[in-house]
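Be aware that the sequence shown starts at 592, since it is given in our numbering, and climbs by one per residue.
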Amino acid sequence: MKFITDEPALLVNETLVIGDLHIGIEYELYKSGISLIPKMESMLRRVRKLLDLTGAKKLVILGDLKHNIPETSRQESSEVPEFLGALLKDVKIDLVPGNHDGGIKELLPEGVTLYGSEGFLSDGYYFTHGHTWPSKDICRAETLLMSHIHPAVEFRDSLGFRSVEHCWLTGSVDR
Numbered sequence: 592m593k594f595i596t597d598e599p600a601l602l603v604n605e606t607l608v609i610g611d612l613h614i615g616i617e618y619e620l621y622k623s624g625i626s627l628i629p630k631m632e633s634m635l636r637r638v639r640k641l642l643d644l645t646g647a648k649k650l651v652i653l654g655d656l657k658h659n660i661p662e663t664s665r666q667e668s669s670e671v672p673e674f675l676g677a678l679l680k681d682v683k684i685d686l687v688p689g690n691h692d693g694g695i696k697e698l699l700p701e702g703v704t705l706y707g708s709e710g711f712l713s714d715g716y717y718f719t720h721g722h723t724w725p726s727k728d729i730c731r732a733e734t735l736l737m738s739h740i741h742p743a744v745e746f747r748d749s750l751g752f753r754s755v756e757h758c759w760l761t762g763s764v765d766r
């Protein structure tokens, strides 16, 4: 397992692992009076760059591919299939749905493998979004890979300025 420097992604063997993309969040912000340019195209370029950099043959998305709940916005109905369809030309895709992925099955192009929200075990790694109870297979895993919690660390200097950086949270379990 290798963390990708300066990216919210990691490589497990030949599998790139990402999560919490929240495609369509711009619509939610628009309803609150904030107008942003849709980020799906730049996100697609970023994921393709990571695939090229790592040589990954598979992509695992650990949930929250889309943002809006409980409904699916028109933006998501358009952008989610476009995003996945473009990536399917290069890699196999596995998706573990997250708490923002209600109705996601209807948006998936043919070729995307959709797992249950509890996650799945593969080669000693347990892949899950993290918002539901995992299956008993987690007990056979050597490593748990989970998104959902958005860990971050806050730095403050002597003048009171602060900076928040996203981070990886790692640990071990005594069995």
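Quick reminder that beta carbons are idealized off the backbone N, C-alpha and C, glycines included.
Query	Result
Reference K696; option with closest CA among K680, L712 and K657	K657
Where the alpha helix (DSSP H) through E617 begins and ends	I616 to K622
Reference V744; option with closest CA among L736, S738, R753 and M737	R753
Contacting residues, own chain, Cβ-Cβ under 7 Å from E769 (five flanking each side not counted)	In the structure as shown, the chain starts at 592 and stops at 766, and residue 769 therefore has no counterpart that could be examined.
Neighbour-count burial assignment, F674, 16 or more Cβ in a 10 Å radius	buried
Within 8 Å, strictly: CB atoms of V687 and F711	yes
Cβ pair T573, S713 closer than 8 Å	What the structure shows of the chain is the stretch from 592 to 766, and residue 573 is not part of that stretch, so it cannot be assessed.
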